[in-house]
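Single-structure report; data block below.
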Amino acid sequence: MAPCRSDKCLKISLDTHDIVFRRKHRDGQKQVVHGEVVLCTQNPTAIKAVKVSLHGVRKVHWLTDTLQPQTVRQRDSIFFQDRLLYVFVKGTGQPSKAAPGLYTWPFSFTLPSSLPESITWLPLDTYIRYSITAEATIGSGILTKKLRVSEPLRLLKSPSFFIDELQFAPEITQQTANLTLPKSGLDATVTLSQPYQPTDNGGGVLETTFALTPLLLDQSDTNALLSNPNRIVTLSLELLQNVHLVVTDKHGEPHRGTKCTRSVATVSRSVSASELVTARETAVDETEMREGGGGGGCGDDKDSSSNGGGGGDCSSNNNSSTPTPAPANYFDLKLPLPMAPYSLVQSVHDGDKIRVRYTLQAKVSVEDEGKKTTQEEGSANLFPKLFVPVRERQDSVISSTNSVCDTDIIDECGVVTSLPSYGEHLFDTYYCWDARGLTADDILRERDPIGAVRCCGS
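Okay, here's the thing in structure tokens:
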């Protein structure tokens with residue numbers, strides 16, 4: 001909130017509060033944030049100076065897992081820029097006091113792509129935050145006062161910053177893990193179709209497919225899954241968050257660190273072994289039909305056989321035939337990511353003091369129905385990568401309805417939203433908030449950007 005007195009008010013107006021680094025910024029293009037410092041006064045005021053600064057702070061904090069826990073913390077500045085927008089100089093003809101009115105000073109900051117992403121929260125108050133602060137010095141003598149206001153700034157990195165755009169295709173990015181349960185005669189393949197997901201349940205869902213294939217074992221094996229159709233196969237997913245924190249010494253070298261793993265969410269489903277038995281029997285029947293058909297063909301071809309046509313070849317074909325493996329049974333299992341306010345932080349792989357990674361543990365277990373004893377269990381790990389979706393209500397995505405292209409979407413408010421291009425803007429989320437029956441002045445905006453465009457009404 002802007003500090004407002006009875007006759008004075010200071011605020012910052014930004015074109016956007018979300019700075020998104022994409023592939024073009026990784027390749028050298030600069031990212032610039034624009035804004036204005038606005039001072040409103042109702043009485044003549046002596047304005048001495050106006051300045052604005054952009055500050056990035058990183059804080060690492062944890063408790064040691066010892067008999068007597070100790071607090072380990074480190075707070076450092078990772079970025080700082082400032083601008084002097086106005087200063088009063090005596091003898092230059094400037095009026096000593098500014099008349100009542102509204103005064104604005106535009107500014108801009110250039111941000112390098114090497115900056116780490118904003119991290120809103122982690123356990124025990126670990127974060128990376130950026131903010132823009134404006135300060136105005138008003139009055140004179142002992143009546144000199146300073147008005148100060150800050151606005152948060154969020155730095156994000158699109159998936160295209162780390163990988164090429166073409167690698168977003170599911171057939172390229174999908175991850176696969178195999179596991180085998182030899183005693184139960186079961187082979188499983190787990191596929192994560194798209195590991196790049198938004199961090200919350202507004203669109204973030206880890207969709208996996210379990211391909212279960214019964215192994216063609218001898219029926220005399222009593223431990224095999226197919227020998228006991230009453231057994232239950234349980235498929236489960238567990239998402240683990242791995243956080244690695246490091247503090248450095250005065251020379252910038254790693255001094256102390258900690259690793260923490262916590263379970264975020266789990267989901268499971270049960271599959272009856274009879275479904276796999278049916279699939280196996282179908283495959284065996286098809287194999288026997290092929291073998292029987294091949295033998296009959298050789299028997300019908302007596303003339304060619306008596307003429308030396310190849311009875312021996314038929315015998316060799318029967319001996320070389322191999323049983324056809326059972327077809328795989330596919331079972332889908334989805335793990336929705338937590339919803340706000342329990343949304344996860346994004347994956348952080350390039351941080352030197354804060355690293356966040358996720359592991360999706362897939363398990364397949366076999367147990368007898370009605371019993372709690374697990375006959376056999378296998379697990380495999382997949383590694384999803386979570387990204388923060390862009391959710392700021394930016395005026396840059398609201399344009400005039402006079403220029404509508406074929407790929408645009410017009411909502412009920414008449415707002416034109418261009419579809420995001422595949423790759424760089426894949427995980428951008430565009431809002432269409434319900435503003436029916438409200439005028440533009442009544443629409444609640446998170447922040448008031450420069451040059452706000454009226455959406456609905458007059």
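So that you can map any letter, position 341 of the sequence shown is 341 in full-length UniProt numbering, and since no number is skipped, the others follow by simple counting.
The C-beta atom is built at its ideal place from N, Cα and C for all residues, glycine as well.
Predicted model only: the values in this text are computed from it and were never measured.
Which value, in whole angstroms, describes the spacing of the CA atoms of residue i and residue j?
i           : j      : result
Leu192      : Arg73  : 37 Å
Tyr422      : Leu386 : Bear in mind that a pLDDT of 40 at Tyr422, under 50, signals an unreliable position, so the number given afterwards is only what the model happens to contain. Computed Cα separation, rounded: 17 Å.
Asp76       : Val271 : 52 Å
Tyr342      : Ile142 : 49 Å
residue 517 : Gln70  : Past the boundaries of the shown model lies residue 517; the chain is included only from 1 to 458, so the question cannot be answered.
Arg23       : Leu111 : 15 Å
Ile128      : Ala98  : 39 Å
Glu367      : Val267 : 18 Å
Leu206      : Val57  : 32 Å
Ala452      : Ser13  : Only weak support exists for where Ala452 lies, its pLDDT of 34 falling under 50; the coordinates are left without a value.
Val247      : Pro254 : 6 Å
Ala362      : Arg269 : 12 Å
Asp15       : Leu63  : 39 Å
Lys30       : Ile172 : 29 Å
Glu151      : Ser131 : 6 Å
Val383      : Gln175 : Reading off the sequence shown, one finds Phe at residue 383, where the question assumed Val. Straight-line Cα distance between these residues: approximately 8 Å.
Could you tell me which of the options sits nearest to residue i, measuring between CA atoms?
i      : options                           : result
Phe88  : Leu54, Trp62 and Ile47            : Ile47
Asp249 : Arg148, Ser274, Pro327 and Lys353 : Lys353
Asp145 : Glu275, Glu135 and Asp27          : Looking at the sequence itself, residue 145 is Lys, so the reference to Asp does not match. Ranking the options by Cα distance to Lys145, first place goes to Glu135.
Thr359 : Ser365, Leu237 and Gln94          : Leu237
Pro195 : Ala328, Pro214, Gln31 and Ile163  : Ile163
Lys183 : Pro384, Ser365, Asn381 and Val388 : Ser365
Val37  : Trp105, Gln174 and Ile172         : Trp105
Asn381 : Pro214, Leu215 and Gln241         : Gln241
Leu44  : Phe109, Gly139 and Pro123         : Leu is not the amino acid found at residue 44; the sequence shown has Pro there. When each option's Cα is compared against that of Pro44, the closest is Gly139.
Arg256 : Lys363, Ala49, Leu84 and Val60    : Val60
Ile19  : Glu377, Leu156 and Ala362         : Leu156
Pro332 : Thr208, Val388 and Gly378         : With the sequence shown as reference, residue 332 is identified as Asp, and Pro is not the correct amino acid for it. Of Thr208, Val388 and Gly378, the residue nearest in Cα terms is Thr208.
Gly378 : Thr189, Asp27 and Ala49           : Thr189
Val388 : His251, Phe161 and Ser96          : Phe161
Rounded to whole angstroms, how far is the Cβ of residue i from the Cβ of residue j, which I believe are closer than 8 Å?
i      : j      : result
Thr133 : His55  : 7 Å
Val52  : Asp82  : 7 Å
Leu215 : Asp187 : 6 Å
Gly8   : Val149 : The displayed chain sequence assigns Lys, not Gly, to residue 8. Actually they are not in contact, since the Cβ atoms of Lys8 and Val149 sit about 12 Å apart, beyond 8 Å.
Leu212 : Ala328 : 6 Å
Apply the 10 Å Cβ neighbour rule to residue i and answer buried if 16 or more other Cβ atoms are within range, or exposed otherwise.
i      : result
Thr41  : buried
Ala273 : buried
His17  : buried
His25  : buried
Gln197 : buried
Phe21  : buried
Leu102 : exposed
Asp200 : buried
Phe80  : exposed
Ser96  : exposed
Leu67  : exposed
Exercise. Check whether the region 343 to 358 touches the region 113 to 131, taking contact to mean three or more Cβ pairs, one atom from each stretch, closer than 8 Å.
Key: yes
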